[in-house]
Amino acid sequence: MEEQAYTVASDSDTPGGEKSSSTFPETAIGIDIGTSHCSMAVWNGSQVELLRNTRNQKLMRSYVTFKDDIPSGGVTNQLSQEYEILSGAAIFNIVRLIGRVDTDPIVHASKTLPFLVQTLDIGVRPFIAALVNNTWRSTTPEEVLAIYLVELRTMAEIQLKRVVRNVVLTIPVAFSRFQLTRVERACAMAGLHVLRLMPEPTAVALLYAQQQQQNVHDNMGSGSEKIALIFNMGAGYCDVAITATAGGVSQIKAVSGSTIGGEDMLQNLMHHLLPNMDSLFSSHGVNEIKSMGLLRVSIQDAIHKLSSETSVQVDVDLGNGSKISRVVQREEFEEVNKNVFEKCEILIQQCLKDAKVEAEDVDDAILVGGCSNIPRIRNLVMGTCKKERIYTEMNPWEAAVVGAALEGAIASGVSDPFGTLDLLTIQVTPLSVGIRADGNTFVPIINRNTTMPSRKDLIFTTVHDNQTEALIVVYEGDEQLVEKNHLLGYFKITGIPPAPKGVPEINVGMDIDTSNVLRVFAGVLVPGTQNPVTPFMEVRMPTVEDGHGWCAEALLRKYGSSLDLIMVQKKMQQ
Amino acid sequence: MVSGVSIHRIIAPTHFQHQHFHPPNPTSRRWKQKSTSGIRCCKKVEERLRTEKNYYKLLGVSVDSTNKEIKEAYRKLQKKYHPDIAGQKGHEYTLVLNEAYKVLMREDLRREYDASIGQLRFSFGRNIPDLGFSTWNGPFRPQALFVDENACIGCRECVHNASNTFMMDEALGCARVKVQYGDDDTKIEVSVDSCPVNCIHWVEKEELQVLELLIRPQPKQGHGIFGQGWERPKNVFMAAKAFNKQQKHEGMHHQRNGNNSHRIRSSTTGEEETPAQAEARASASIKLQMEKFSGIWSWVNEFLRH
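If you read the sequences in order, they're chains A and B.
Going by the working numbering, the first residue of the first sequence is number 1, and it counts up by one from there.
Going by the working numbering, the first residue of the second sequence is number 575, and it counts up by one from there.
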């Protein structure tokens, strides 16, 4: 077979331009990149089919090993044993690390991973390295993801016997726009064109819409509206979505998400069983890495077993004289991870509130993701939704990728004579976007959970007499503290006609299209009219590069008091 | 150059405000023009906007449609125009569609919107058929059926011929339209022709609501035990004409006031409207409408006395 060699393209630019400018000749592939596992699916003309690797696996481990000169990922690589990925040579949990800066607590928590995560706490990309021939070889999360995606792409091309270019990727709800650009960049490096980045639970919602549509066809019943709550929890992230489904249209009412998952439970239990773990492993020597790996594997096993058993025996010899040998009860595990479960419940409550849906109105509670077997999670979801049982028509491991493949087919313009693809998902914005104004207030322009596409604008004015320029600093988030939101970018508008403060009208508009591209428009209006004084500025966000904390600080230094970091009190009404 | 380059917000956003910036896509100019000015902006274009940018027309639903109907229409249109299906050219359309949906699905926003386009909506009449308002089977048609209950002798001929369209009000002893076009056209024709007193009329769709409102018997003010009871206009068609005239007059009046108040608002206040204020304003406008109603009733009574 002709072997095409794919090399990683330069880390130069994200694919720009219109994302869905025309109909696509090829069917886009759905990829679910998870923190621990990954899968790929495609519409084969009559249904969605999951692609298998050479070892006949549908679910592949997400990691890349830098053992030899050529890095190899979990798609093709045959692990001699589980410990190999814990030898320091493998980078994993990439989805947790991508697009984060070294001040992020998630990055700090990742220091217990067997490879090297170094932080300097200055708000830039953390230093990540794999152990190759006893040397720490540096890499970046984007590069690791790109290498992995290249493997996935090669695998798909061999099986489908065609070039694969367009993909729909599922992403966690909690991802910031900056993280999304990192994912897009990794795809560009792997030669892939992202049609959609779909929040995971909304992909599940699309599959649910298809199933409901199918039921209507089968039973000839009426297509009444059904409301489903989707709870998705994997190793790295937890997402909730509420969808109202009728006639194959999945209308997302609200989403909520957070960076909590199986990884946090694992770390909590590790810390619980080995309280001095952080100091024990801080030096990252070869022996420490080995014991860290041993501990991780045995505790992971224990957690899996606790899903079906009420207690489990943990026996691990860390090699440096310390040993763990004890029984862990399920109650103990649940107690240790109390905060994780509480957070899950808060996410569900928040989502219900944002969607203006009562728990009683939820028709189906859908539970997917790697954590869906944990009894406490099941009880929690059923309890919060006031349901006797969980929706059973879905494979919790495959739901998201199947939804992504459906979306891929729809966005590629594929139509199905049997109406199986007569579907649509109407998405909402997961986070608010706005600008800094009123001193240091974060003023949202498009609120979170607004149906996409969306366009809103607000009028602002100057605070100084004869002020001729204004700085537009764009943030994303829902925190009142402007600094706690993600900085997306900034630009200056000039040519404000000299006037007393409060007189000029500065219009700032935002436009989010269905591909989730954010454009910010700003300009000065002639008072009382709609006519701009000078041409409007149109800026596609985000524009900030790595890190953002110091960008805002630099602006503060340069422009002084107007960038004070003071709290926000007022929020825009919906 | 000034040192402080920060700016602050002066005007709260409303759902009526629209983009002032240039849309990214040149093909969108058509929509942009339609929505360059909002209700708040008290411009001459307002009149034009009312006819062009009508959310009800956009969604293809009637002004008295229920949330369920709006939802269905919205989903149907989304399936046609959503950029996932129609490509980037669907962007501008879907933006307006989302806006329309949001406004019409929220009772407070919808009321405000209705008031702004001079629309009178008898939402209470939809769900309670006993109040005498007919519902529609299938799409709207320009003509509707109306029974002049003053003339009806309660012979039940029409109910017999088209039982899905007409019903008998046993309390009043006269027939009434239950569902417009509830039966097929021949049945309806037969029933209209069968009326011995010719009290079943074909009326314009627009007139129907007012006629059905006015034909409802109203409690009559009495003196002691004398004069109490129920009454309705003797000539409901004349009453409806006068009602509409009054309505139009009130509407113009309201609009003028509205414009004035908007002008004052936007020029003097820099504060955003709180939800509580919005609610208060919405309920105030409802009250105003209600008062309008009672005014009309006293006027109708006047009319009858003469």
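All residues carry an ideal CB built from backbone N, CA and C; glycine is no exception.
Helix, strand or coil at residue i according to DSSP, with G and I counted as helix
i, result
"residue 436/A", "strand"
"residue 591/A", "No answer is possible for residue 591/A: it lies beyond the span of chain A, which begins at 1 and ends at 574."
"residue 431/A", "coil"
"residue 601/B", "With a pLDDT of 38 at residue 601/B, under the threshold of 50, the predicted position of this residue should be treated as unreliable, though the coordinate-derived value follows. The answer is helix: DSSP assigns residue 601/B an H, G or I state."
"residue 389/A", "coil"
"residue 730/B", "coil"
"residue 101/A", "coil"
"residue 414/A", "coil"
"residue 456/A", "strand"
"residue 657/B", "helix"
"residue 166/A", "strand"
"residue 232/A", "strand"
"residue 397/A", "coil"
"residue 634/B", "coil"
"residue 736/B", "coil"
"residue 523/A", "strand"
"residue 272/A", "helix"
"residue 648/B", "helix"
Distance cut-off 8 Å: residue i Cβ against heavy atoms of the ligand COA
i, result
"residue 756/B", "Although the ligand COA was asked about, the structure shown includes no ligands whatsoever."
Cβ neighbour criterion (16 or more within 10 Å) applied to residue i
i, result
"residue 315/A", "exposed"
"residue 529/A", "exposed"
"residue 397/A", "buried"
"residue 467/A", "buried"
"residue 310/A", "exposed"
"residue 656/B", "buried"
"residue 176/A", "buried"
"residue 815/B", "exposed"
"residue 812/B", "exposed"
"residue 685/B", "buried"
"residue 557/A", "exposed"
"residue 110/A", "buried"
"residue 481/A", "exposed"
Partner residues on chain B for residue i, Cβ-Cβ distance less than 7 Å
i, result
"residue 424/A", "652, 653, 656, 658, 659"
Min CB distance residue i to chain E below 9 Å
i, result
"residue 760/B", "Here chain E cannot be found, since the structure's protein chains are A and B."
Nearest-angstrom Cβ-Cβ length linking residue i and residue j, presumed shorter than 8 Å
i, j, result
"residue 404/A", "residue 169/A", "7 Å"
"residue 632/B", "residue 671/B", "7 Å"
"residue 37/A", "residue 59/A", "5 Å"
"residue 435/A", "residue 446/A", "No, residue 435/A and residue 446/A are not in contact; Cβ-Cβ is about 11 Å, not under 8 Å."
"residue 526/A", "residue 533/A", "6 Å"
"residue 199/A", "residue 241/A", "7 Å"
"residue 515/A", "residue 185/A", "That belief does not hold up - the Cβ atoms of residue 515/A and residue 185/A are roughly 16 Å apart, past 8 Å."
"residue 486/A", "residue 477/A", "6 Å"
"residue 736/B", "residue 765/B", "4 Å"
"residue 239/A", "residue 172/A", "6 Å"
"residue 366/A", "residue 208/A", "6 Å"
"residue 146/A", "residue 190/A", "5 Å"
"residue 679/B", "residue 644/B", "6 Å"
"residue 233/A", "residue 112/A", "Actually they are not in contact, since the Cβ atoms of residue 233/A and residue 112/A sit about 20 Å apart, beyond 8 Å."
"residue 458/A", "residue 503/A", "No, residue 458/A and residue 503/A are not in contact; Cβ-Cβ is about 17 Å, not under 8 Å."
"residue 542/A", "residue 178/A", "5 Å"
Chain B contact residues for residue i, given Cβ-Cβ distances below 8 Å
i, result
"residue 171/A", "Ordered by position in chain B, no residue passes the 8 Å Cβ test against residue 171/A, which lies about 17 Å from the chain."
"residue 411/A", "658"
Proximal residues of chain A, C-beta to C-beta of residue i below 8 Å
i, result
"residue 665/B", "453, 513, 514"
Give me the subset of the stretch 628 to 657 of chain B whose CB atoms are less than 9 Å from a CB atom of chain A, sorted by chain position.
Contact annotation: in the stretch 628 to 657 of chain B, residues whose CB is within less than 9 Å of a CB in chain A are 642, 645, 646, 648, 649, 650, 652, 653, 656, 657.
Against chain A: residues of the stretch 668 to 691 of chain B by CB proximity under 8 Å:
668, 669, 672, 675, 676
Interfacial residues, the stretch 533 to 554 of chain A to chain B, with Cβ spacing under 7 Å
536, 538
Residues of the stretch 360 to 380 of chain A whose Cβ lies closer than 9 Å to any Cβ of chain B, in chain order:
none
So if I threshold CB-CB distances at 9 Å, which residues from the stretch 242 to 255 of chain A count as touching chain B?
244, 246, 247, 248, 249, 251
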